[in-house]
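The structure under discussion appears below in the form of structure tokens.
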Amino acid sequence: MENGKNNLYELVKSFDVAMLTTLHSNEMHARPMAIARLDVGMDAYLITDTDSVKVDEIDKNPHVLLTFQSAKQFASVRGEITIEHDRALLETMWKQIWKVWFPMGITDPNIAILKFTAHEGEYWDNSGLKGLKYVFDATKAYISGERPKPDSDRHNKIKL
Numbered sequence: 275m276e277n278g279k280n281n282l283y284e285l286v287k288s289f290d291v292a293m294l295t296t297l298h299s300n301e302m303h304a305r306p307m308a309i310a311r312l313d314v315g316m317d318a319y320l321i322t323d324t325d326s327v328k329v330d331e332i333d334k335n336p337h338v339l340l341t342f343q344s345a346k347q348f349a350s351v352r353g354e355i356t357i358e359h360d361r362a363l364l365e366t367m368w369k370q371i372w373k374v375w376f377p378m379g380i381t382d383p384n385i386a387i388l389k390f391t392a393h394e395g396e397y398w399d400n401s402g403l404k405g406l407k408y409v410f411d412a413t414k415a416y417i418s419g420e421r422p423k424p425d426s427d428r429h430n431k432i433k434l
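Using the numbering used here, the first residue of the sequence shown is number 275, and each one after it goes up by one.
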């Protein structure tokens, strides 16, 4: 179990952006979000404008999904998100590039932190040697007429 958590974190720690999916009534709404901070336990911090639609959606239903994707690595993490107004925490994460969305900078009164608490994650990793092993296993399965055996280094679903 601990190995699965580490694999998930190692897979996504280099991502700068995740897709945040919220629920509005019966419709899902996804949008890319810059990752301000990602902790080893997969808790994450995102920055938002308090006047955004996502804040209204989170107020109504805090259960969200974060997804991560590259050409050969994929992950999804379910959890809950809260809206925080911790200026000291914001100062530790602030990046100048965010002035694009907050022209007043860190003093903008509409900045809020979205604190994501992870509950369950799933990942697929076909990069590097894992990808080569997958090609070998898939070829072997094709020739034998059997499905490839699961490999928790490449795919795993874990409780966080």
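Cβ atoms here follow ideal geometry from the backbone N, Cα and C, with glycine treated the same way.
All values derive from a computational prediction rather than experimental measurement.
Quick check on residue i: buried or exposed, where buried means 16 or more other Cβ atoms within 10 Å of its Cβ?
i    : result
E331 : buried
N277 : exposed
N384 : exposed
N281 : buried
I432 : buried
K287 : exposed
K373 : exposed
A292 : buried
Taking only the alpha-carbon atoms, compute the straight-line gap between residue i and residue j and give it to the nearest angstrom.
i    : j    : result
S401 : H429 : 12 angstroms
E420 : M316 : 35 angstroms
T295 : A304 : 4 angstroms
L340 : S418 : 37 angstroms
A310 : A345 : 22 angstroms
D382 : M307 : 18 angstroms
Considering residue i, what are the terminal residues of the beta strand (DSSP E) in which it resides?
i    : result
I357 : Q347 to E358
M385 : Rather than Met, the amino acid found at residue 385 in this sequence is Ile. Looking at the DSSP string, the run of the beta strand (DSSP E) that includes I385 is I385 to D399.
L285 : Run containing L285: none in the beta strand (DSSP E); it sits in the alpha helix (DSSP H), E276 to V286.
K423 : Unbroken run through K423: none, as it is neither H nor E.
Please work out which residues of its chain come closer than 6 angstroms, Cβ to Cβ, to residue i, disregarding the five sequence neighbours upstream and downstream, and give them in chain order.
i    : result
F289 : F342
W368 : I380
Within the continuous alpha helix (DSSP H) that includes residue i, where are the two ends?
i    : result
V374 : Here V374 belongs to no alpha helix (DSSP H), and DSSP marks it neither H nor E.
Go through its chain and collect everything with a Cβ distance to residue i's Cβ below 8 angstroms, but skip five positions before and after it.
i    : result
E354 : P336, H337, V338, F390, T391 and H393
A386 : I321, T322, D323, T324, V329, I357, E358 and H359
Exercise for the section: Could you say if the region 342-359 and the region 298-305 meet the contact criterion of at least three C-beta pairs nearer than 8 angstroms? Expected result: Too few Cβ pairs lie closer than 8 angstroms, so no.
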